[in-house]
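Just so you know, we're using this note's numbering here: the sequence shown kicks off at 1417 and counts up by one.
All C-beta atoms, glycine included, are put in the ideal place defined by N, C-alpha and C.
Quantities reported herein were computed from a predicted structural model and do not represent experimental measurements.
Worksheet: one structure, shown below.
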Amino acid sequence: MKKYIYFSLVLVTQFLVSCTDVIDVDVPTADPRLVIEASLDWEMGTLGNNQSIKLSTTSAYFDNNSNDAVTNAVVSVMRLSDNMVFSFTNNNDGTYTTANFEADLNETYQLEVLYENEVYTATETLLATTPIKEVTQSEEGGILPDAIEVNVFFDDPGDEMNFYVLRFKTEGDPYPELRDVSDEFLNGNEISIFYEKRGDDEADELQPGDVVDINLFNVSERYYKFIQLLNSQLGSGNPFAPTPVELRGNCVNTTNADNYAYGYFRVTQTDKRSVTLIEMD
1417 MKKYIYFSLV LVTQFLVSCT DVIDVDVPTA DPRLVIEASL DWEMGTLGNN
1467 QSIKLSTTSA YFDNNSNDAV TNAVVSVMRL SDNMVFSFTN NNDGTYTTAN
1517 FEADLNETYQ LEVLYENEVY TATETLLATT PIKEVTQSEE GGILPDAIEV
1567 NVFFDDPGDE MNFYVLRFKT EGDPYPELRD VSDEFLNGNE ISIFYEKRGD
1617 DEADELQPGD VVDINLFNVS ERYYKFIQLL NSQLGSGNPF APTPVELRGN
1667 CVNTTNADNY AYGYFRVTQT DKRSVTLIEM D
C-alpha cells in the first residue's frame, strides 16, 4: 500500500511539472521621456534661497537596474518681472541646486531646461499660503475605528477662490501622501483636514511616537487639478474606475512638442508643522 501511494505521488508530481510552460509576454515599450521634478517651496520664516530640481528619464517597467538620472542638462529659473535668472548647479547625480533663489510673492517664474538640444519650459506664480492654525490628534474623526489621525485646521480667506494641497510625510515612510482641497463650499470658513494611515493591519496605522511632517500649500487651480487627478488614479480602489490616463504636467517642449516631458514646475510658499504622536487615553 505504501509503495502504491508513493508511486501515485510520483506520477502526480511528474504530471504537474510536465504541464508547466514558460510564457513570454511582450510588454509594450516606449522611448524614454524626460521627467521634471521642480517644486520650489518657500517655507514661512525662511529666505527660501536653497532650492533643488531633479531630472530623470522614464524606464521600462521591469528594468530595475537602469540609471535614469539626467546629468547633462542645463537648468535655470527666470523671474519674469525683471528677467532675473537663477542658474542651478549640476551635481552630476540628477539634481540641480541653487543657494541664491529669491522668492517673492505674486511673482511669476519661468523654468527652462535645456536637454539634448531641446528646450522645456513651464511657468508658475508664487502664491501666498494660508498659515496652519492648529494641529491635533484624535481617534474619532477618521474612517478607521480607534485609529490615530492627525487633524489640521486653517482659516480660508473669504472673497476669493483658493486651492490647497496638504502634504503628510511620516518619518521612515518612503513617500508622502498628498490631499487636494478647494474652498468651493467652504469659502471664508475654517477648514479641517484629517490624515490617517491605512493598511492590512493595525501595525500599518499611525502609532504613538511617530513623527508626521505637514506642509500646507496654496496652489494654482491647474496644479490642484493635476494632484486631484493623480490621487484619483493612485488611490481610488474602485474596480469600476476608468482606466488611468497619461498624466502630464505644465512642462512644455518648445523645440519638439511631440517629445513632451512628465512632471510639474511649482513655485509655492508653504507653512510647515511637525507633530509627534502620543498615546491616547
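Close Cβ partners of residue i (< 6 Å) along its chain, the five nearest in sequence each way excluded
{"i": "Asp1629", "result": "Lys1585, Ser1690"}
{"i": "Thr1487", "result": "Asn1508"}
{"i": "Arg1495", "result": "Glu1523, Tyr1525"}
{"i": "Glu1528", "result": "Ser1492, Thr1537"}
{"i": "Asn1466", "result": "Ala1515"}
{"i": "Thr1541", "result": "Thr1524"}
{"i": "Thr1670", "result": "Val1535, Thr1537"}
{"i": "Leu1582", "result": "Arg1595, Ile1609, Leu1632"}
Same chain, Cβ closer than 7 Å to residue i, neighbours up to 5 away in sequence not counted
{"i": "Ala1544", "result": "Leu1521, Asn1634, Gln1685"}
{"i": "Phe1504", "result": "Ile1469, Val1491, Ser1492, Tyr1512, Thr1513, Thr1514"}
{"i": "Glu1459", "result": "Thr1686, Lys1688"}
{"i": "Leu1530", "result": "Ala1489, Val1490"}
{"i": "Ser1472", "result": "Val1451, Asp1484, Ala1485, Val1486, Gly1510"}
Exposure of residue i, with buried meaning 16 or more beta-carbon neighbours within 10 Å
{"i": "Pro1655", "result": "In this prediction, Pro1655 scores a pLDDT of 49, lower than 50, which makes its location untrustworthy; no coordinate-derived value is stated."}
{"i": "Gly1604", "result": "exposed"}
{"i": "Tyr1663", "result": "Rather than Tyr, the amino acid found at residue 1663 in this sequence is Leu. Answer is exposed; the Cβ neighbour count stays below 16."}
{"i": "Phe1601", "result": "exposed"}
{"i": "Ala1619", "result": "exposed"}
{"i": "Thr1546", "result": "buried"}
{"i": "Leu1650", "result": "exposed"}
{"i": "Val1627", "result": "exposed"}
{"i": "Ile1559", "result": "exposed"}
{"i": "Asn1498", "result": "For the sequence presented, residue 1498 should be read as Asp rather than Asn. Result: exposed."}
{"i": "Asp1447", "result": "exposed"}
{"i": "Asp1484", "result": "exposed"}
Euclidean distance between Cα positions of residue i and residue j
{"i": "Phe1610", "j": "Met1696", "result": "16 Å"}
{"i": "Val1597", "j": "Ile1607", "result": "9 Å"}
{"i": "Tyr1680", "j": "Met1577", "result": "22 Å"}
{"i": "Val1501", "j": "Glu1453", "result": "19 Å"}
{"i": "Thr1569", "j": "Ser1554", "result": "Contrary to the premise, residue 1569 reads as Phe rather than Thr in this sequence. Phe1569 and Ser1554: Cα-Cα distance of roughly 13 Å."}
{"i": "Phe1642", "j": "Gly1665", "result": "7 Å"}
{"i": "Glu1612", "j": "Thr1462", "result": "29 Å"}
{"i": "Asp1575", "j": "Ile1548", "result": "19 Å"}
{"i": "Ser1636", "j": "Val1668", "result": "17 Å"}
{"i": "Asn1516", "j": "Gln1644", "result": "32 Å"}
{"i": "Glu1556", "j": "Asp1562", "result": "7 Å"}
{"i": "Phe1579", "j": "Leu1622", "result": "27 Å"}
{"i": "Ser1455", "j": "Val1683", "result": "6 Å"}
{"i": "Arg1449", "j": "Leu1632", "result": "30 Å"}
{"i": "Asp1617", "j": "Ile1564", "result": "13 Å"}
Cβ neighbours of residue i in the same chain (closer than 8 Å, five flanking residues each side left out)
{"i": "Asn1672", "result": "Glu1534"}
{"i": "Val1551", "result": "Val1566, Asn1567, Val1568, Phe1569, Ile1630, Arg1689, Val1691"}
{"i": "Thr1539", "result": "Leu1496, Thr1524, Tyr1525, Gln1526, Leu1527, Asn1666, Phe1681"}
Rounded distance between the beta-carbons of residue j and residue i, thought under 8 Å
{"i": "Asp1572", "j": "Asp1599", "result": "5 Å"}
{"i": "Ile1694", "j": "Pro1624", "result": "6 Å"}
{"i": "Asn1647", "j": "Leu1594", "result": "6 Å"}
{"i": "Tyr1678", "j": "Thr1474", "result": "7 Å"}
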